[in-house]
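Protein chains in written order, with our numbering: chain A, 1 to 160; chain B, 161 to 243. For glycine and all other residues, C-beta sits at the position ideal for the given N, C-alpha and C. Report on the following structure.
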Amino acid sequence: MATVRLQREDFDVAAEQRKLSDGRPDIGAVVTFTGICRGGEGADAISSMTLEHYPGMAEEEVARHVAEAESRWALKGVTVIHRYGKLVPGDNIVLVVTASAHRGDAFAAAEFLMDYLKTSAPFWKREERAGQAAWVEAKSQDDAAAARWTLSVRGREAAE
Amino acid sequence: MKVLYFAWVRERIGKTEETVEPPAHVRTVGDLVGWLTARGEEYAHAFENPKVIRAAIDRTHVKPEAALAGAREIAFFPPMTGG
């Protein structure tokens, strides 16, 4: 049972975790990851950040990766919430909650989902500092982080 | 077909979306980028470095060689920076 939500509003990490695990004696592990808007320091400090997204595709792309995570790991529940609109340092940006019987599946699935959210979910960050706005550039290490999941599938196939 | 633009691609072109009727020889996503580029300076500016342009057909990521046949909605945007 997966939940995917895109919203302007903040989310409550503890409440989202309870929604997944309450009354579920089959769940023995819950991993929550929260991405937070960084402020930066000195001349690099940002005053705010605006997240643009592609409505429709963003939900579908996240749901595709949630389905893939569910097929690769023994998950008992997944929740992904991604905010859009204007955020200030300290604000929550994204929440990934994964639940499983044992910790390994929940840890791996949460990391997989975050790596793919960064590189393939259609969201774009624009940072505002001292009256100037600039789009955040994609990082090659994020592509590399996402690619290792593909490589691990290829490695597994090659071994079979 | 409907074309959507996001982030700095949208800012450079100055539109969030438009409907275009490219000629028959425009068969792929890459062809469409070339055809749009010739429409004006704002398009040429947006598409000046095709390597950093990403595209989706009907809300699914595609490569430049993807065929446009049957596409209803094409989107162009920079590499994604969510999460």
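From the DSSP output, in three-state form, read off residue i for me.
i	result
HIS205(B)	helix
GLU60(A)	helix
GLU171(B)	helix
HIS221(B)	strand
SER21(A)	helix
TRP195(B)	helix
ARG148(A)	helix
PHE107(A)	helix
PHE112(A)	helix
Might you give, ordered along the chain, the residues of its own chain that have their beta carbon closer than 8 Å to the beta carbon of residue i, omitting 5 neighbours on each side?
i	result
ALA14(A)	none
MET114(A)	PHE33, GLY35, VAL94 and VAL96
ASP10(A)	ARG83, ASP91 and ASN92
LYS175(B)	TYR165
TRP149(A)	PHE112, ASP115 and TYR116
Excluding five sequence neighbours on each side, which residues of the same chain lie with their C-beta closer than 7 Å to the C-beta of residue i?
i	result
PHE107(A)	VAL31
LEU196(B)	TYR203 and PHE207
VAL4(A)	GLU59, VAL62, ALA63, VAL66 and VAL80
Measuring CA to CA, which of the options is closest to residue i?
i	options	result
ARG18(A)	VAL97(A), ASP105(A), ALA144(A) and PRO122(A)	VAL97(A)
ALA167(B)	GLU127(A), TRP149(A), GLY42(A) and ARG148(A)	GLU127(A)
GLY242(B)	THR119(A), ALA69(A) and ALA67(A)	THR119(A)
ASP191(B)	PRO238(B), ARG232(B) and ALA226(B)	ALA226(B)
Alpha carbon to alpha carbon, what distance is there between residue j and residue i?
i	j	result
LEU87(A)	ARG38(A)	10 Å
HIS65(A)	GLY200(B)	37 Å
ARG172(B)	SER47(A)	24 Å
ARG72(A)	ASP105(A)	9 Å
HIS102(A)	ARG219(B)	35 Å
Report yes if the CB atom of residue i is closer than 7 Å to the CB atom of residue j, and no otherwise.
i	j	result
VAL222(B)	VAL189(B)	yes
With a threshold of 6 Å on Cβ separation, who are the neighbours of residue i within its own chain once the five nearest residues in sequence on each side are excluded?
i	result
ALA146(A)	ASP115, TYR116 and THR119
MET235(B)	The displayed chain sequence assigns Ala, not Met, to residue 235(B). Result list for ALA235(B): LEU164 and ALA216, in chain order.
ALA133(A)	ARG126
Output yes if chain E places a C-beta closer than 7 Å to the C-beta of residue i; else output no.
i	result
MET161(B)	No chain E appears in this structure, whose protein chains are A and B.
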